[in-house]
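For the protein sequence lines, the chains are A and B, in the order given. When we follow our numbering, the leftmost residue of the first sequence carries the number 14, and every step to the right adds one. When we follow our numbering, the leftmost residue of the second sequence carries the number 0, and every step to the right adds one. Built from N, CA and C at the ideal position, the CB exists for glycine as well. Below: the structure, in structure tokens.
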Amino acid sequence: AQSVAQPEDQVNVAEGNPLTVKCTYSVSGNPYLFWYVQYPNRGLQFLLKYITGDNLVKGSYGFEAEFNKSQTSFHLKKPSALVSDSALYFCAVYSYNFNKFYFGSGTKLNVKP
Amino acid sequence: EAQVTQNPRYLITVTGKKLTVTCSQNMNHEYMSWYRQDPGLGLRQIYYSMNVEVTDKGDVPEGYKVSRKEKRNFPLILESPSPNQTSLYFCASRSGGLQETQYFGPGTRLLVL
Numbered sequence: 014a015q016s017v018a019q020p021e022d023q024v025n026v027a028e029g030n031p032l033t034v035k036c037t038y039s040v041s042g043n044p045y046l047f048w049y050v051q052y053p054n055r056g057l058q059f060l061l062k063y064i065t066g067d068n069l070v071k072g073s074y075g076f077e078a079e080f081n082k083s084q085t086s087f088h089l090k091k092p093s094a095l096v097s098d099s100a101l102y103f104c105a106v107y108s109y110n111f112n113k114f115y116f117g118s119g120t121k122l123n124v125k126p
Numbered sequence: 000e001a002q003v004t005q006n007p008r009y010l011i012t013v014t015g016k017k018l019t020v021t022c023s024q025n026m027n028h029e030y031m032s033w034y035r036q037d038p039g040l041g042l043r044q045i046y047y048s049m050n051v052e053v054t055d056k057g058d059v060p061e062g063y064k065v066s067r068k069e070k071r072n073f074p075l076i077l078e079s080p081s082p083n084q085t086s087l088y089f090c091a092s093r094s095g096g097l098q099e100t101q102y103f104g105p106g107t108r109l110l111v112l
């Protein structure tokens with residue numbers, strides 16, 4: 014079965030510290046990987062994606078993510094967290110074989126001043 | 000401005016009373032989808048459409064209908080809503096290219112009493 018796992022319901026970091034939000038997946042075929050952010054009462058906003066090429070991809074708002082094929086992971090990272098980064102983050106995988114997106118359950122990021 | 004719009008944004012209804020949530024996109028996208036978001040479950044796809052008059056079931060289609068008579072519109076119909084359909088609903092669209100990301104609407108929060 015196709016699935017995306019975000020093992021942490023919540024991640025707490027202090028402002029200025031690095032942050033990591035984890036994502037692992039199980040999807041047949043070559044995956045296309047995405048991260049989205051959701052602020053309260055808003056729809057999902059695209060952050061970044063990995064299709065092919067460099068394993069480290071850079072996206073909006075200083076975020077980046079590293080694709081690791083052997084570990085089937087696509088962790089989201091930022092070198093220095095901001096309070097305004099506090100939001101709900103979703104990892105998503107597009108399966109070419111099934112022509113659909115699979116979403117993780119979401120990770121709430123809390124950045125404290 | 001490129002966007003996906005949904006209406007209404009908030010809706011309270013009673014069991015069995017038919018309702019429609021509209022979705023419209025102005026990007027000439029071929030693909031459109033409906034998702035529901037529930038705590039701890041992330042986003043689950045209800046239905047999707049690959050083009051006009053082409054729709055297919057997602058992971059949780061029971062109790063829902065859709066139609067795609069025009070490229071820009073993709074309404075979600077609940078013929079006889081039940082309390083277990085209380086959720087946050089998102090419409091999304093993307094172009095046909097595999098490298099394209101999805102664009103999400105602002106969401107519709109539905110409460111079925």
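If the five residues before and after L87 of chain B are omitted, its C-beta is found closer than 8 Å to the C-beta atoms of R35, Q36, D37, G106, T107, R108, L109, all from its own chain and listed in chain order. The three-state secondary structure of V34 of chain A, taken from DSSP, is strand.
Selection A:Y102, A:P31, A:L46, A:P126 evaluated against D67 of chain A yields A:L46 as nearest (Cα-Cα). Residues of the stretch 41 to 75 of chain A with a C-beta atom less than 7 Å from some C-beta of chain B are Y45, F47, R55, G56, L57, F59, K62, I64, listed in chain order. I64 of chain A has its alpha-carbon roughly 16 Å from the corresponding atom of T37 of chain A. Across the set B:L112, B:N25, B:W33, B:Y102, the C-alpha of B:W33 shows the shortest separation from the C-alpha of S66 of chain B. Annotated three-state conformation of V3 of chain B is strand, per DSSP.
Within a 10 Å sphere around the beta-carbon of T120 of chain A sit 16 or more other beta-carbons, which makes this residue buried. Considering only B:H28, B:Q2, B:Q84, the residue with the shortest C-alpha distance to R55 of chain A is B:Q2. Non-local C-beta neighbours of S93 of chain A in its own chain, meaning closer than 6 Å and more than five positions away in sequence, comprise G29, ordered along the chain.
Within the DSSP secondary-structure output, V50 of chain A pairs in a beta bridge with A:Q58, A:Y102. V51 of chain B sits in coil when the DSSP states are folded into three classes, being neither helix nor strand.
Counting other Cβ atoms within 10 Å of its Cβ, A91 of chain B reaches 16 or more and is therefore classed as buried. When the five nearest sequence neighbours on each side are left out, the beta carbons in the same chain lying within less than 7 Å of the beta carbon of D58 of chain B are those of R43, Q44, in order along the chain. When secondary structure is reduced to three states using DSSP, N68 of chain A falls in the coil class, being assigned neither helix nor strand.
The beta-carbon of F103 of chain B is placed less than 9 Å from the nearest beta-carbon of chain A.
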